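Quick note, the sequence shown lines up with residues 1 to 362 if you use UniProt numbering.
Just so you know, even glycine gets a beta-carbon here, dropped at the ideal spot from N, CA and C.
All values derive from a computational prediction rather than experimental measurement.
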Amino acid sequence: MPHEVRGVVARGKGEPVEVTTVVVPDPGPGEAVVRVLACGVCHTDLHYREGGIGDEYPYLLGHEAAGEVVEVGEGVTNVAPGDFVVLNWRAVCGSCRACRRGRPQYCFSTFNAARPMTLASGEPLSPALGIGAFAERTLVHSGQCTKVDRSVAPEVAGLLGCGVMAGLGAAINTGGVGRGDSVAVIGCGGVGDAAIAGARLAGATRIIGVDVDPRKLEWAREFGATDVLDAREGDVVERVRELTDGFGADVVIDAVGRPETWRQAFYARDLAGTVVLVGVPTPEMRVELPLLDVFSRGGALKSSWYGDCLPERDFPTLVDLHLQGRLPLERFVSERIGLDDVEAAFERMERGEVLRSVVLLG
């Protein structure tokens, strides 16, 4: 039978979110109903509320989540009721051109649940990133469920579902950071600090955090930055070079996603170095560079989608590293809140007061 649960819904552009009744249908073929235990408050949810991603209101917000499978539909074999899972928005199809070429981390046709969740009135909801996890239960495609060790705290595990994975993957998967490398990360919020943690995990010897907020620079140190730079004090490019024997960093990660920060990343890297863009720009942003500079500096200019992750490969590995004490995921959790506190959490996030607010539902 369908479930009636509480969920956080954005009804219109810029309107405060509300907690209301959400109807979760029985799972269809290939689908699963998950009891959400914890869900992080991500900037992407705020973008949905503000109309920055689309206008398919009402949205059921929340996507950075962990929970327990309670029901599965026909044909589901990868998960079963009782499994502890992290939800992901890359349920690979296995048949698109990327999957056929052995690159499922770039899947162009990921799966979502086909049956809609609705308001009590019957009006269909658009789930954020195909997940909609600011709710006591949610309906997803079974491929969006990745089993992990259930001994990890749900509020920690759920962070891998989006922001933390994006940053870690930008360093390890996209940037290819290796032992002895120098790395600069521009923007030391949640994604940037995850990139710093990833660079440290990969064995980088010099990790430079760059931001304009002293509080965020202190966070960067806690996650492994060997040096921090306040971008308001002097030229970022020159200061990165000073810290890297005059050459520039091997890998520079732009976790902000603005033309000025991307240019800093481009010029702050060493010859044949790598730039990784993981911060999300807005549609009107443009970058202009001398083409000769692109040619003469060599290297690679990359964008990182979801940390170029493969959830079934990366989530269990990162959870294991956390349980071994090698990856301090718990430091990302600034506060634990309830469903009724999401709107206030958005405000704290915009003021830069938290790395992650996490909604606890279990």
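Item to check | A120 versus R6 - alpha carbon distance | outcome: If you draw a straight line from the Cα of A120 to the Cα of R6, it is about 11 Å long.
Checklist entry - Which residues bound the alpha helix (DSSP H) around R221? => result Unbroken alpha helix (DSSP H) run through R221: P214 to F223.
Checklist entry - How many Å lie between P259 and M285 at the Cα? => result Going from the Cα of P259 to the Cα of M285 covers about 7 Å.
Checklist entry - Can you tell which of Y48, K147 and T118 has its C-alpha closest to the C-alpha of R313? => result Checking every option, the nearest Cα to that of R313 belongs to K147.
Next on the checklist: E31 and V72 - do their beta-carbons sit closer together than 9 Å?
Outcome noted: Against a cut-off of 9 Å, the Cβ pair of E31 and V72 comes out as a contact.
Checklist entry - Which stretch, first to last residue, makes up the beta strand (DSSP E) that contains I207? => result It spans R206 to D211 - the beta strand (DSSP E) in which I207 sits, taken as one unbroken run.
Next on the checklist: Please tell me whether V183 and A171 are closer than 9 Å, where the distance is taken between their beta carbons.
Outcome noted: Result yes, Cβ atoms of V183 and A171 sit closer than 9 Å.
Checklist entry - Along the chain, where does the alpha helix (DSSP H) that runs through V240 open and close? => result First-last of the alpha helix (DSSP H) with V240: V236 to E242.
Checklist entry - At which residue ranges does the segment 91-158 contain complete beta strand (DSSP E) runs of 3 or more residues, listed in the order of the chain? => result The DSSP assignment places 137-141 and 145-147 as complete runs of the beta strand (DSSP E) inside the segment 91-158, in order along the chain (cut-off: 3 residues).
Next on the checklist: Quick check on this structure: which residue in L310, D270 and P283 has the alpha carbon closest to the alpha carbon of G298?
Outcome noted: Comparing Cα-Cα distances from G298 to each of L310, D270 and P283, the minimum goes to D270.
Checklist entry - In the structure shown, what three-state DSSP assignment does Y57 receive? => result Correct three-state label for Y57: coil.
Checklist entry - Below 9 Å between beta carbons: does that hold for T244 and R215? => result No.
Next on the checklist: Taking 9 Å as the threshold (C-beta atoms), are V33 and V69 in contact?
Outcome noted: It is a contact, given that the beta carbons lie within the stated cut-off.
Checklist entry - Which same chain residues, not among the five before or five after R239, have their C-beta less than 8 Å away from its C-beta? => result Residues of the same chain with a CB within less than 8 Å of the CB of R239, apart from the 5 flanking positions on each side, are L229 in chain order.
Checklist entry - In three-state DSSP terms, what is F247? => result The answer is coil: DSSP assigns F247 none of H, G, I, E or B.
Checklist entry - Once you ignore the five residues that flank V354 on each side, which residues in its own chain have a CB closer than 7 Å to its CB? => result Within the same chain, Cβ atoms closer than 7 Å to the Cβ of V354 are found at S334, E335 and R348, the five residues on either side in sequence being excluded.
Checklist entry - Just the Cα atoms here: how many angstroms apart are E136 and Y48? => result If I take the Cα positions, the gap works out to 20 Å.
Item to check | Span of the alpha helix (DSSP H) around G192 | outcome: Looking at the DSSP string, the run of the alpha helix (DSSP H) that includes G192 is G190 to A202.
Checklist entry - Using the beta-carbon count (16 or more within 10 Å), is E64 buried or exposed? => result Classification of E64: buried, given that the 10 Å Cβ count is 16 or more.
Item to check | A171 - DSSP class collapsed to helix/strand/coil | outcome: DSSP places A171 in helix when its eight states are reduced to three.
Item to check | Neighbour-count burial assignment, E56, 16 or more Cβ in a 10 Å radius | outcome: That one is exposed.
Checklist entry - Can you list, in chain order, the residues of its chain whose CB lies under 6 Å from that of residue 444, leaving out five sequence neighbours each side? => result Lying outside 1 to 362, the shown extent of the chain, residue 444 is not represented and no answer is given.
Checklist entry - What separation, rounded to the nearest whole angstrom, lies between the Cα atoms of T274 and G257? => result Straight-line Cα distance between these residues: approximately 16 Å.
Next on the checklist: Let me check understanding here. Comparing Cα to Cα, which of W89, L339, A199 and R263 lies closest to D293?
Outcome noted: Comparing Cα positions, the closest option is R263.
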